[in-house]
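Numbered according to our numbering, the sequence shown spans residues 30 to 188.
Have a look at the structure below before the remarks.
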Amino acid sequence: IKLQQVPGVTDLGLMPRKVSKVAIVGGGPMGSGIATTLILSHYPVILKEINEKFLNAGIGRIKENLQSRVRKGKMTKDNYDKTLSLLTGVLDYEKFKSVDLAIETVVENVKLKQQIFAELEQHCPSHCILATNTSTIDLDLIGEKTNSQDRIVGTHFFA
């Protein structure tokens, strides 16, 4: 098969980035679902929430997702424990300094997303891809309060 070359696109020498560790901001149904998928794919995940109550709820959803697999015979208890060990819950950004991908999954609120992306820019390494799960808000608007618009991407997950 001969691949089509597109001048100005395929000749830029762009290379995929290696993602070894992922952070997720927001442990609601979407964030916990994404976290579940990532740890099942053997990625270490840091899940950040704004308080213990929300963090415990998000981790609880992830545990339930995995326990459902155990009940259905799709996962052993040992594999459950190994998979869950890939998840770290946090209330601050301190552990974000070693992530390659940060995914924001909070409510569709422009000011909140702008604040989060400004915080991600401060706490994530410069190579880190900054992703939003928005389906309605312009990425330029989300990144307006940062100097990192070149590394902000949209990633819309759905079930």
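Using N, Cα and C, we set each Cβ at its ideal position, and we do this for glycine too.
Computed from a predicted model, the values in this text were never measured in an experiment.
For residue i, which residues of its own chain have a beta-carbon under 6 angstroms away from its beta-carbon, when the five flanking residues on both sides are left out?
i	result
Arg98	Met104
Ile181	Leu159, Leu168 and Gly172
Lys142	Ile171
Val54	Lys77, Glu133 and Ile145
Ala64	Ile53, Val74, Leu76 and Ile91
If I follow the unbroken alpha helix (DSSP H) through residue i, where does it start and stop?
i	result
Lys9	Because residue 9 is not part of the residues shown, which for the chain are 30 to 188, the question remains open.
Val135	Careful: Val135 lies outside any alpha helix (DSSP H) and carries neither H nor E.
Gly60	Pro58 to Leu69
Ile171	Leu168 to Ile171
Ile145	Val139 to His152
Could you name the residues of the same chain whose beta carbon sits closer than 7 angstroms to that of residue i, not counting the 5 residues immediately before and after it, in chain order?
i	result
Asn162	Met59, Ile132, Glu133, Thr134, Thr184, His185 and Phe186
What are the start and end residues of the beta strand (DSSP E) that includes residue i?
i	result
Gly118	Leu116 to Val119
Ile158	Ile158 to Thr161
Taking its Cβ as the centre, do 16 or more other Cβ atoms sit within 10 Å of residue i, making it buried, or is it exposed?
i	result
Leu22	Since the displayed the chain opens at 30 and closes at 188, residue 22 lies outside it and no answer follows.
Gly37	exposed
Thr48	Rather than Thr, the amino acid found at residue 48 in this sequence is Val. With fewer than 16 other Cβ atoms within 10 Å, it is exposed.
Val128	buried
For residue i, which residues from the same chain have a beta carbon less than 8 angstroms from its beta carbon, with the 5 sequence-adjacent residues on both sides left out?
i	result
Gly62	Arg90, Asn94, Phe186 and Ala188
Taking the alpha carbon of residue i as the point to measure from, which residue in the options has its own alpha carbon closest?
i	options	result
Leu67	Glu81, Lys82, Gly57 and Lys50	Lys50
Phe115	Asn138, Ile88, Arg100 and Lys101	For clarity, residue 115 is Leu in the given sequence; the question names Phe instead. The candidate whose alpha carbon is nearest that of Leu115 is Ile88.
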